[in-house]
Amino acid sequence: MTGLHDMQAMVRDAVFETDTQNPALRAISEHIEPSEGMSSEEHVLVYRRAILGTLVRALGNIFPVGKQLLGEQFFDGMARRYVQETPSRSSDLANYGASFSEFIARFGPAAELPYLPDVARLEWYWHRAFHAADEVAMDPGSLSAVSAGDTGRIIFHLPVSASLISSDFPIHRIWAVNQQEWAGDTAIDLDEGGMYGMVWRRQYDMRIDTFDEPVWTFLNAVAARTCFGKMSESGIAGDLDTLLPRCVQRGWIAGFDLA
Amino acid sequence: MSRFIDKPVAGAGIGLRSTHYQTIIENQPKVPWFEVLTENYFGDGGLPLHFLEKVRADYPVTLHGVGMSLGSADSLDRDYLARLKALAARIEPTYVSDHLAWISVDSRFVHDLLPLPYTEEALANFAAHVREAQDFLGRRLLIENPSSYMGYKETDMTEWEFLQELVVLTDCDILFDVNNVYVSGTNHGFDPIEYLHALPKGRVKEIHLAGYEEQNNYLFDTHGYRVHPPVWDLYQATIEYLGPIPTLIEWDNDIPPFETLLDEAGLAQRVLDSMDAAA
Ligand SMILES: [Fe+2]
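So this is what it looks like as structure tokens:
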């Protein structure tokens, strides 16, 4: 007699199997009652369709611009391949899809849209920011409470919802013109160049902010928890006197602690 | 003391969907309670939780989950339970429910409610998980009968026998989904009335109603339609047998305008009221 664990493993294998000979489907079907009008295999296939459908739909909801760019049929076919080779490891469906942009980069048929993996990465960061913890903006005055001797030990933080992103393509513009509410021109010149940006949430306001290279370098140093003293010494972040107030004012810096 | 109005749920409630947040918060419709899908509020913050707390300020709320995977041969996911416990502390739900099903094996999740073989082994495993979860959460769970599309040859008891035993072994309560029992009964050829009459009275704390979809050879539970006439008939029989149990309109796909849900809830409320009048 087949025990509970083995039975469940057999069902799972039948759901995600890619072998067109369907050996896993046939194996579990041995244990499934046929009914009037439906064979054992047809009963299992109801679950294969439902489960793959749920996961493909979940990806479509997280990556709506990717879906828009590829068209529903192409996107769903690609998502199905991803689902078959990428098991979900979390009980929370919102955690599914983290490696989708890497999959797209490897997925030959999508190579015609070279910016697609970066757009997918942007959408994943958006999804993460949407569900990230709430946070109060930093009070700029709190910095003046740090004594002069301690300023070198300051380690700034990005907002908890923030992800830094760069691309060789203008993916923020591609993203914007593919939003439902976009009313303007949808033509984009890919030669207009890449972007540096941050996806984050200010209170309940979802944002994709873009900036120049000095800010990018500075915020990356912040993300790496480089202390302020080290930044000034090494000059990695250029003109800190103007960068820092600008980043605090825009909300890109959300707080600090002392090393 | 609770931050929220605190009264037990009664009457015909509605499943809360994100497309209806605004209209509910602005118009405060006359709905006795809302049910939410637990895992939709597992994020650390953001708009979903913000809206849920706003709704909770004016209405009782029940938490309905699909992610506990109580039927899995795996051990229970402690991270899931911790998140659920934190959410329950924040929202103070009247009930916490999940399904007679499994959604994971070897820590891989299928995100769909799969049926169990109804065996002694599966029962002992399920009961141990319910007890563990109830101890951890410090509250009783409501266990819901699923819609199912396959049955195992290894099964050696009916689903209602399994559920009866489970209540004895764990002291849990039951969420009876009338649509699911109709769907499963049609797909597997059992009589929903027999299921109904096997339910331990006093243990059914909530009822679900939803719409299925007719496929070639079976019924598929999409929660995307109005409640079908035979399910209304079975609901009438259920209320006559069990009394006016709080009833929820579930609608998860192709979500209609809020008025349609109010309409469906109104139909359920009429059935509940007719029992009150007869009593
Ligand atoms: Fe249900």
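As you go down the protein sequences, you meet chains Z and X in turn.
Note that the first sequence covers residues 1 to 259 in the numbering used here.
Note that the second sequence covers residues 1001 to 1279 in the numbering used here.
Note that the Cβ used here is the ideal one computed from N, Cα and C, for glycine as well.
Note that the structure is predicted; figures quoted are calculated from it, not measured.
task = Let me know the secondary structure DSSP gives Lys-1153(X) once reduced to three states.
result = Translated into the one-based positions of the second sequence, residue 1153(X) becomes position 153. Correct three-state label for Lys-1153(X): coil.
Glu-1250(X) beta carbon near ligand 1 (any heavy atom closer than 6 Å) = The residue labelled residue 1250(X) in the question sits at position 250 within the second sequence. At least one heavy atom of ligand 1 is nearer than 6 Å to the Cβ of Glu-1250(X), so yes.
inquiry  = For the stretch 61–74 of chain Z against the stretch 1238–1255 of chain X, do three or more pairs of beta-carbon atoms, one drawn from each stretch, fall closer than 8 Å, so that the two count as touching?
reply    = no
query = Does the Cβ of His-1208(X) lie closer than 6 Å to at least one heavy atom of ligand 1?
reply = Indexing the second sequence from 1 puts residue 1208(X) at position 208. Result yes, Cβ under 6 Å from ligand 1.
request  = Could you list which residues in chain Z have their beta carbon closer than 9 Å to that of His-1050(X), in chain order?
outcome  = By one-based count along the second sequence, residue 1050(X) stands at place 50. Under the 9 Å cutoff, chain Z gives Asp-134 and Tyr-204.
ask   = Taking Cβ positions, are Leu-1242(X) and Val-1204(X) nearer each other than 7 Å?
value = In the second sequence, counting from the first residue as 1, residue 1242(X) sits at position 242. In the second sequence, counting from the first residue as 1, residue 1204(X) sits at position 204. Contact flag set, yes.
ask   = Comparing the CB of Asp-1098(X) with every heavy atom of ligand 1, is any distance shorter than 6 Å?
value = Within the second sequence, the letter at position 98 stands for residue 1098(X). No, ligand 1 has no heavy atom inside 6 Å of this Cβ.
query = Nearest chain X C-beta to Glu-17(Z) closer than 7 Å, yes or no?
reply = Here residue 17(Z) is taken as the residue at index 17 of the first sequence, counted from 1. Chain X contact via Cβ: absent.
request  = From the DSSP output, in three-state form, read off Ile-1103(X) for me.
outcome  = Position 103 of the second sequence, counted from the start, is the residue given in the question as residue 1103(X). Ile-1103(X): strand per DSSP, three-state reduction.
request  = List the residues of chain X that Pro-23(Z) touches, going by C-beta distances under 9 Å, in chain order.
outcome  = Residue mapping note: residue 23(Z) aligns to position 23 of the first sequence, counting from 1. Residues of chain X passing the Cβ test: none, with the nearest at roughly 18 Å.
query = What in chain Z is Cβ-close to Arg-1108(X), meaning under 7 Å?
reply = Mapped onto the second sequence, residue 1108(X) falls at position 108. By Cβ distance, chain Z contributes Arg-12, Pro-87, Ser-88 and Arg-89.
message = Here's a check: name, in chain order, each residue in its chain whose Cβ is nearer than 6 Å to the Cβ of Val-1131(X), leaving out the five neighbours to either side.
response = Taking the first residue of the second sequence as position 1, residue 1131(X) is located at position 131. It should be noted that the sequence gives Arg, not Val, for residue 1131(X). These residues qualify, in order along the chain: Thr-1170.
request  = Would you list the residues sitting across from Asp-1173(X) in a DSSP beta bridge?
outcome  = Locating residue 1173(X) in the second sequence gives position 173, where the first residue counts as 1. According to DSSP, Asp-1173(X) bridges with Leu-1142(X).
Contact between the stretch 118–128 of chain Z and the stretch 145–154 of chain Z (3+ Cβ pairs under 8 Å) = no
Within-7 Å CB hit, Thr-54(Z) to chain X = Stepping through the first sequence from its first residue, residue 54(Z) is reached at position 54. Closer than 7 Å to some Cβ of chain X, the Cβ of Thr-54(Z) qualifies, so yes.
task = For Tyr-1218(X), go through chain Z and note every residue whose CB falls closer than 9 Å to its CB, in chain order.
result = Residue numbering aside, residue 1218(X) sits at position 218 when the second sequence is read from its first letter. Within chain Z, the residues near Tyr-1218(X) are Ser-35, Gly-37, Met-38, Glu-42, His-43 and Val-46.
Inter-residue CB distance, Leu-258(Z) and Arg-89(Z) (contact presumed, cutoff 8 Å) = As a working note, residue 258(Z) is residue 258 in the first sequence. As a working note, residue 89(Z) is residue 89 in the first sequence. That pair is no contact at about 37 Å.
task = Let me know if Gln-8(Z) comes out buried or exposed under the rule of 16 or more other beta-carbons within 10 Å of its beta-carbon.
result = Within the first sequence, the letter at position 8 stands for residue 8(Z). Gln-8(Z) comes out buried.
ask   = Which whole runs of the beta strand (DSSP E) in the stretch 77–159 of chain Z are 3 residues long or more, in chain order?
value = 154–157
task = Ignoring anything shorter than 3 residues or poking outside the stretch 1020–1049 of chain X, list the beta strand (DSSP E) runs there in chain order.
result = 1034–1037
task = Report whether the distance from the Cβ of Asp-1112(X) to the nearest heavy atom of ligand 1 is below 6 Å.
result = Counting from one through the second sequence, the residue named residue 1112(X) turns up at place 112. Outside the cutoff, so no.
message = Does the distance between the C-beta of Val-1178(X) and the nearest non-hydrogen atom of ligand 3 fall short of 6 Å?
response = Inclusion of ligand 3 in the displayed structure is not the case, the ligand content consisting of ligand 1 alone.
ask   = When the Cβ atoms of the stretch 27–45 of chain Z are set against those of the stretch 1095–1114 of chain X, are three or more pairs found closer than 8 Å?
value = no
query = Listed in chain order, which residues of the stretch 1146–1174 of chain X have Cβ atoms closer than 7 Å to some Cβ of chain Z?
reply = Tyr-1149, Met-1150, Gly-1151, Tyr-1152, Lys-1153 and Glu-1154
key: Contact set between Ile-32(Z) and chain X, taken where Cβ atoms lie within less than 8 Å   = As a working mapping, residue 32(Z) is identified with position 32 in the first sequence. In chain order: Met-1150, Gly-1151, Tyr-1152 and Lys-1153.
Whole-angstrom distance between Tyr-196(Z) and Asp-212(Z), CA atom to CA atom = The residue labelled residue 212(Z) in the question sits at position 212 within the first sequence. The residue labelled residue 196(Z) in the question sits at position 196 within the first sequence. Cα to Cα, the separation comes out at about 7 Å.
ask   = Start and end of the alpha helix (DSSP H) containing Lys-230(Z)?
value = Here residue 230(Z) corresponds to residue number 230 of the first sequence, with the count starting at 1. Run containing Lys-230(Z): 228–234, per the alpha helix (DSSP H) assignment.
query = Can the beta-carbon of Asn-1217(X) be found less than 7 Å from the beta-carbon of Asn-1180(X)?
reply = The count along the second sequence starts at 1 and reaches residue 1217(X) at position 217. The count along the second sequence starts at 1 and reaches residue 1180(X) at position 180. Not in contact: Asn-1217(X) and Asn-1180(X) (Cβ atoms no closer than 7 Å).
inquiry  = Let me check you understand the geometry: is the CB of Asp-1177(X) closer than 6 Å to at least one non-hydrogen atom of ligand 1?
reply    = The residue given as residue 1177(X) occupies position 177 in the second sequence. At least one heavy atom of ligand 1 is nearer than 6 Å to the Cβ of Asp-1177(X), so yes.
key: Asn-1180(X): contacting residues in chain Z (beta-carbon distance under 8 Å)   = Translated into positions along the second sequence, residue 1180(X) becomes position 180. Ordered by position in chain Z, no residue passes the 8 Å Cβ test against Asn-1180(X), which lies about 14 Å from the chain.
request  = Select from Leu-1052(X), His-1111(X), Asp-1106(X) and Phe-1126(X) the residue whose C-alpha is nearest the C-alpha of Ala-1088(X).
outcome  = Sequence index remark: in the second sequence, residue 1088(X) carries index 88 (1-based). Closest option to Ala-1088(X), Cα to Cα, is Leu-1052(X).
message = Quick check on the burial criterion: 16 or more other C-beta atoms within 10 angstroms. Buried or exposed for Asn-1027(X)?
response = As a first step, residue 1027(X) is located in the second sequence; it is residue number 27 there, counting from the start. Classification of Asn-1027(X): exposed, given that the 10 Å Cβ count is below 16.
query = What residues of chain X sit near Ala-50(Z), judged by a beta carbon separation below 9 Å?
reply = Translated into the one-based positions of the first sequence, residue 50(Z) becomes position 50. Neighbours of Ala-50(Z) on chain X, chain order: Asp-1112, Tyr-1149 and Phe-1220.
Beta-carbon proximity of Arg-49(Z) to Val-15(Z), cut-off 7 Å = Your numbering for residue 49(Z) matches position 49 in the first sequence. Your numbering for residue 15(Z) matches position 15 in the first sequence. Not a contact, by the Cβ cut-off of 7 Å.
task = Tell me, please, whether the CB atom of His-157(Z) is closer than 7 Å to any CB atom in chain X?
result = Position 157 of the first sequence, counted from the start, is the residue given in the question as residue 157(Z). With 7 Å as the cut-off, His-157(Z) does not count as an interface residue toward chain X.
request  = Would you decide whether Pro-245(Z) is buried or exposed? Buried here means 16 or more other CB atoms lie within 10 Å of its CB.
outcome  = Along the first sequence, read from residue 1 onward, the residue named residue 245(Z) stands at position 245. Pro-245(Z) comes out exposed.
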